[in-house]
Amino acid sequence: MAPPDQGRISAALTAALRQLVGADNVVDQGETLATLSLDFYWYSPVLKRELADKRADAVVRPRTMDELRGVIAACCRARVPVVPRGAGTGNYGQCVPIFGGVVVDLTLLDRIIEISADGVLRAEPGARLGRVETEARRVGWEMRCLPSTWMKSTLAGFLCGGFGGIGTITWGSIWAPGTVRSLTLLTCEENPREIRLEGAGCELLLHTYGTTGIVTEVRLGLAPRVDYDQLILNAPDWDRLLDWTDAFARSQVWRKRLVTAFERPIPSYFKPLRKRLRPDEHATFLLTDRAQTPDVIASAQAAGLACVYQAPLSDPPMPPFITDYTWNHTTLWAINHDPAITYLQADFGEDFRAQFAQLKQRFPDEVLLHLEWMAAHAGPAEGAPGKFVGQDVRVGGIPLVHFTTEARLREILEACAEIGIYIANPHTFVLEDGGRIPNLDGKRTFRSDIDPAGLLNPGKMKTAALNPFAPA
Ligand code: FAD
Numbered sequence: 000m001a002p003p004d005q006g007r008i009s010a011a012l013t014a015a016l017r018q019l020v021g022a023d024n025v026v027d028q029g030e031t032l033a034t035l036s037l038d039f040y041w042y043s044p045v046l047k048r049e050l051a052d053k054r055a056d057a058v059v060r061p062r063t064m065d066e067l068r069g070v071i072a073a074c075c076r077a078r079v080p081v082v083p084r085g086a087g088t089g090n091y092g093q094c095v096p097i098f099g100g101v102v103v104d105l106t107l108l109d110r111i112i113e114i115s116a117d118g119v120l121r122a123e124p125g126a127r128l129g130r131v132e133t134e135a136r137r138v139g140w141e142m143r144c145l146p147s148t149w150m151k152s153t154l155a156g157f158l159c160g161g162f163g164g165i166g167t168i169t170w171g172s173i174w175a176p177g178t179v180r181s182l183t184l185l186t187c188e189e190n191p192r193e194i195r196l197e198g199a200g201c202e203l204l205l206h207t208y209g210t211t212g213i214v215t216e217v218r219l220g221l222a223p224r225v226d227y228d229q230l231i232l233n234a235p236d237w238d239r240l241l242d243w244t245d246a247f248a249r250s251q252v253w254r255k256r257l258v259t260a261f262e263r264p265i266p267s268y269f270k271p272l273r274k275r276l277r278p279d280e281h282a283t284f285l286l287t288d289r290a291q292t293p294d295v296i297a298s299a300q301a302a303g304l305a306c307v308y309q310a311p312l313s314d315p316p317m318p319p320f321i322t323d324y325t326w327n328h329t330t331l332w333a334i335n336h337d338p339a340i341t342y343l344q345a346d347f348g349e350d351f352r353a354q355f356a357q358l359k360q361r362f363p364d365e366v367l368l369h370l371e372w373m374a375a376h377a378g379p380a381e382g383a384p385g386k387f388v389g390q391d392v393r394v395g396g397i398p399l400v401h402f403t404t405e406a407r408l409r410e411i412l413e414a415c416a417e418i419g420i421y422i423a424n425p426h427t428f429v430l431e432d433g434g435r436i437p438n439l440d441g442k443r444t445f446r447s448d449i450d451p452a453g454l455l456n457p458g459k460m461k462t463a464a465l466n467p468f469a470p471a
């Protein structure tokens with residue numbers, strides 16, 4: 000789908016925005032405008048074609064909640080799109096302004112307001128996750144789940160654009176009950192209202208690309224802090240590595256924060272690690288409870304895996320991080336190695352070994368396995384919140400694809416569906432086409448209440464795809 004032409008905003012609106020947030024915090028031209036209009040959409044060759052030329056008419060950086068409220072009100076009066084933005088590390092153009100308009104960069108609203116004695120974080124939307132994690136660890140807690148971009152990305156950006164990552168093996172994803180405790184949002188209206196969603200009700204905002212409100216405050220449940228070791232294990236035999244890693248992931252004995260496996264030659268793409276691991280073998284990357292590390296290594300060695308790297312995850316967190324090679328960072332290393340590589344986001348079934356075999360039989364050199372183990376809680380694909388934490392571990396991942404044509408990519412997606420592999424399609428910026436969107440009707444209804452003119456990140460929700468700039 001080719002998005003329609005960009006709109007333009009009036010000089011009067013630009014002047015009003017400057018008045019509101021200060022001239023230094025309005026960008027309406029040049030390289031910075033281009034950078035702040037885009038994200039990591041270029042992971043997908045399809046989105047690269049569709050989004051490369053999209054630009055905001057202006058990017059504004061409110062410094063206070065009052066300024067944010069004023070910006071929303073001014074844009075709504077002028078009927079101009081409002082596109083929230085965190086750190087811009089999303090992969091599907093979530094914060095790219097499809098029709099132009101005003102991108103609202105929320106990174107200056109970044110206060111960590113409180114970490115309570117019982118482990119609940121209260122913070123502003125633009126707080127960077129790396130800072131939140133550092134502060135939480137300092138007082139005996141840690142984030143339940145973090146994307147691999149945790150040093151850079153923001154709280155609200157993760158909750159509205161992301162899914163899960165490091166920690167998901169134990170605590171589930173952003174949808175896990177008890178993780179998101181409350182979200183406060185501003186509506187997109189001439190007189191923005193403040194609404195607070197609690198508990199399961201927060202689901203209306205999770206992974207909705209900022210189409211159902213602008214988050215102004217986040218309350219998150221934290222987990223008790225654990226001291227971790229970072230381990231890399233190698234084996235020349237894939238089945239051996241897979242069997243041990245799967246058993247490790249499912250065992251309730253081992254405490255862990257990350258369980259990732261790569262089939263070769265993926266480890267050879269990790270340039271900085273080439274001297275530390277065996278690049279021609281398969282690899283498992285783990286974050287383990289330090290108290291258990293010797294036993295974990297002994298268990299892996301007994302199964303024929305070699306531990307080639309062991310380093311503590313320091314406090315405060317300081318690189319090197321093996322997490323920089325996992326989740327969607329793997330894809331980044333792969334694209335650096337070969338720009339023709341792209342990716343899928345997969346959930347495999349109970350019979351994942353049979354599914355791998357079918358996939359490899361049909362696409363032996365085109366698809367490479369990158370697996371991430373996750374605790375299956377109430378995954379959005381499954382419906383309402385239900386089972387929880389460390390139970391029902393499932394195998395998902397971000398397989399790599401050697402891209403040739405869009406038609407071939409569609410064939411691979413169709414083959415996955417035939418084999419029974421669930422794919423959250425990362426090659427679309429349209430929410431409903433990407434998957435992972437439970438309660439669509441509820442979200443539509445909510446959106447029409449909080450954004451009656453359809454100005455919030457238009458084009459991302461199919462059911463409200465009107466271009467606000469188009470003639471009536
Ligand atoms: P942005 O990209 O700026 O925004 C994401 C979405 O949230 C946009 O739709 C935006 O409009 C909306 N938004 C931002 N702020 C607000 C607000 N205050 N109110 C309402 N809406 C808002 N994702 C994962 O889930 N797990 C991973 O492990 C992971 N690894 C990644 C690795 C790499 C190398 C890259 C490039 C991406 C990865 N991602 C991953 C995707 C992305 O990094 C995360 O989802 C990240 O948390 C997004 O945060 P951000 O601040 O960059 O958000």
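Numbering that gives the first Met the number 0 puts the first residue of the sequence shown at 0, with every later residue one more than the last.
Idealized CB from N, CA, C, for every residue including glycine.
{"Check": "Cβ atoms of residue 228 and residue 309: under 8 Å apart, would you say?", "Outcome": "yes"}
{"Check": "If I measure Cβ to Cβ from residue 327 and keep anything under 7 Å in the same chain, skipping five residues before and after, which residues do I get?", "Outcome": "90, 147 and 397"}
{"Check": "Taking the alpha helix (DSSP H) that residue 446 falls in, what are its first and last residues?", "Outcome": "439-449"}
{"Check": "Please determine whether the Cβ atom of residue 331 lies at a distance below 7 Å from any heavy atom of the ligand FAD.", "Outcome": "yes"}
{"Check": "Determine contact between the stretch 200-212 and the stretch 247-265, defined as no fewer than three beta-carbon pairs at a distance below 8 Å.", "Outcome": "no"}
{"Check": "Under a Cβ-count criterion, where at least 16 other Cβ atoms within 10 Å of its own Cβ denotes burial, should residue 451 be classed as buried or exposed?", "Outcome": "exposed"}
{"Check": "In this structure, does DSSP put residue 206 in helix, strand or coil?", "Outcome": "coil"}
{"Check": "Tell me whether residue 438, by its Cβ, gets closer than 7 Å to a heavy atom of the ligand FAD.", "Outcome": "no"}
{"Check": "Sorted by chain position, which residues of the same chain lie with C-beta nearer than 7 Å to residue 289's C-beta, five sequence neighbours on each side aside?", "Outcome": "226, 227, 228 and 311"}
{"Check": "What's the C-alpha gap between residue 468 and residue 454?", "Outcome": "10 Å"}
{"Check": "With a 10 Å radius around its C-beta and 16 neighbouring C-beta atoms as the bar for buried, classify residue 231 as buried or exposed.", "Outcome": "buried"}
{"Check": "Measure how close the beta-carbons of residue 350 and residue 136 come, nearest whole angstrom, since I'm counting them as under 8 Å.", "Outcome": "The Cβ separation is near 39 Å, so there is no contact."}
{"Check": "Return the CA-CA distance between residue 392 and residue 170, expressed in angstroms with no decimal places.", "Outcome": "11 Å"}
{"Check": "Would the beta-carbon of residue 152 be found less than 7 Å away from any heavy atom of the ligand FAD?", "Outcome": "yes"}
{"Check": "Just the C-alpha distance for residue 371 and residue 196, rounded to the nearest angstrom, thanks.", "Outcome": "31 Å"}
{"Check": "Flag this pair as yes or no: are the beta carbons of residue 106 and residue 31 separated by less than 8 Å?", "Outcome": "no"}
{"Check": "Is it right to say residue 168 is buried, meaning 16 or more other beta carbons lie within 10 angstroms of its own, or is it exposed?", "Outcome": "buried"}
{"Check": "Please determine whether the Cβ atom of residue 147 lies at a distance below 7 Å from any heavy atom of the ligand FAD.", "Outcome": "yes"}
{"Check": "Based on the DSSP output, what are the partners of residue 179 in its beta bridges?", "Outcome": "219"}
{"Check": "Can you tell me whether residue 300 is buried or exposed? The criterion is at least 16 other CB atoms within 10 Å of its CB, across all chains shown.", "Outcome": "exposed"}
{"Check": "Does DSSP classify residue 159 as helix, strand or coil?", "Outcome": "helix"}
{"Check": "Straight-line CA distance for residue 22 to residue 109?", "Outcome": "20 Å"}
{"Check": "Using a Cβ-Cβ cut-off of 7 Å (strictly less than) and excluding sequence neighbours within five positions of residue 418, which residues of its own chain qualify?", "Outcome": "354, 357 and 358"}
{"Check": "Taking the alpha carbon of residue 87 as the reference point, which residue from 127, 57, 122 and 39 has its own alpha carbon closest?", "Outcome": "39"}
{"Check": "Compute the Euclidean distance between the alpha carbons of residue 343 and residue 411, then round it to the nearest angstrom.", "Outcome": "10 Å"}
{"Check": "To which residues does DSSP link residue 74 through a beta bridge?", "Outcome": "In DSSP, residue 74 forms no bridge with anything."}
{"Check": "Less than 7 Å between the CB of residue 426 and some heavy atom of the ligand FAD, yes or no?", "Outcome": "no"}
{"Check": "If you draw a straight line from the alpha carbon of residue 292 to that of residue 192, how long is it in whole angstroms?", "Outcome": "50 Å"}
{"Check": "For residue 27 and residue 204, what's the separation of their Cα atoms in angstroms?", "Outcome": "29 Å"}
{"Check": "DSSP three-state label for residue 461, please.", "Outcome": "helix"}
{"Check": "If I'm right that residue 82 touches residue 94 with Cβ under 8 Å, what's the distance once you round it to whole angstroms?", "Outcome": "6 Å"}
{"Check": "Can you tell me whether residue 190 is buried or exposed? The criterion is at least 16 other CB atoms within 10 Å of its CB, across all chains shown.", "Outcome": "exposed"}
{"Check": "The ligand FAD heavy atoms versus the CB of residue 249: any closer than 7 Å?", "Outcome": "no"}
{"Check": "Which full runs of the alpha helix (DSSP H) of 4+ residues lie inside the stretch 246-311, going along the chain?", "Outcome": "292-301"}
{"Check": "Would you say residue 261 touches the ligand FAD, meaning its beta carbon is less than 7 Å from a heavy atom?", "Outcome": "no"}
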